[in-house]
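J.: Handing you a structure now.
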Amino acid sequence: MTRASRLIGALAIALLAIVSAGAYLGLDRLYRERARLRLAPFGLEVYRSQNKGVPAESSPTLVVIGVSRIAMWEPEPNVTSHRLLWRGIGGQTSVQVLGRFDQDVVALRPTAVLVAVGINDLMAAAAVHASTDVDQRIVQNILRMADAARSQNVV
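In the working numbering, each residue carries its 1-based index in the sequence shown increased by 1333.
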């Protein structure tokens, strides 16, 4: 075996190790995210510390809650009439947002709330071919959020 072929073999093994490590890290990250969702399906820990730090203010507050489109909204609008609190979590369904609505909206006593949900419900239903009543469940979850908001005089 020549020196060049040994070098090529060593490089191939090193490349394989690098690719394997990258795949492992990607799978590890995916596994950890799925485990987090199983252990904390509503994502209550995501904004818990930020919510504690929200001061009671006399200025009107708008909480924007929902899915990844809310979490990644760029650029943040320049709104001077309201304080904006962003509470989006990627991949959440309407029932998951409903599960954290009291903590991430009602407890903050905002003037208004904007809810953006439904797309992940539809995607999940389509993935398992179970779209029979998903639209009704989305509407029911939104109505429950609206009732919770209205009970606290949030529009």
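Ideal placement from N, C-alpha and C gives every residue a C-beta, glycine not left out.
No experiment lies behind these values; they were computed from the predicted model shown.
1) How many Å lie between GLN1425 and GLU1409 at the Cα?
2) Less than 8 Å between C-beta atoms, sequence neighbours within five positions excluded: which residues of the same chain meet that for LEU1395?
3) Is it buried or exposed, ILE1422, if we count other Cβ atoms within 10 angstroms and call 16 or more buried?
4) Along the chain, where does the alpha helix (DSSP H) that runs through ALA1479 open and close?
5) Look up LEU1417 in the DSSP assignment and give the residues it is bridged to.
6) Is it the case that the Cβ atoms of GLY1432 and PHE1375 are separated by a distance below 8 Å?
7) Which runs of the beta strand (DSSP E), 3 residues or longer, sit entirely within the stretch 1432 to 1458?
8) Taking its Cβ as the centre, do 16 or more other Cβ atoms sit within 10 Å of ASP1454, making it buried, or is it exposed?
9) Please say whether ALA1404 and VAL1438 have beta carbons closer to each other than 8 Å?
10) So, using beta-carbon positions, are GLY1399 and ALA1463 closer together than 8 Å?
T.: For this structure:
1) Along the sequence shown, read from residue 1 onward, the residue named residue 1425 stands at position 92. Along the sequence shown, read from residue 1 onward, the residue named residue 1409 stands at position 76. Cα-Cα distance, rounded: 21 Å.
2) Residue numbering aside, residue 1395 sits at position 62 when the sequence shown is read from its first letter. Closer than 8 Å at Cβ, skipping near neighbours: VAL1412, HIS1415, ARG1416, LEU1417, LEU1418, PRO1443, THR1444, ALA1445, VAL1446, LEU1447.
3) Within the sequence shown, residue 1422 is the residue found at index 89, counting from 1. So ILE1422 counts as buried.
4) Against the sequence shown, residue 1479 aligns to sequence position 146. Counting along the chain, the alpha helix (DSSP H) containing ALA1479 begins and ends at 1467 to 1483.
5) Numbered from its first residue, the sequence shown carries residue 1417 at position 84. BP columns for LEU1417 point to LEU1395.
6) Position 99 of the sequence shown, counted from the first residue, corresponds to residue 1432. Position 42 of the sequence shown, counted from the first residue, corresponds to residue 1375. Closer than 8 Å, so yes.
7) DSSP runs (the beta strand (DSSP E)) wholly in the stretch 1432 to 1458: 1445 to 1449.
8) As a working note, residue 1454 is residue 121 in the sequence shown. By the 10 Å Cβ count, ASP1454 comes out buried.
9) Start at 1 with the first residue of the sequence shown, and residue 1438 comes out as number 105. Start at 1 with the first residue of the sequence shown, and residue 1404 comes out as number 71. In this structure, ALA1404 does not lie closer than 8 Å to VAL1438 by Cβ.
10) Start at 1 with the first residue of the sequence shown, and residue 1399 comes out as number 66. Start at 1 with the first residue of the sequence shown, and residue 1463 comes out as number 130. No; because the gap between Cβ atoms is not below 8 Å, this pair is not in contact.
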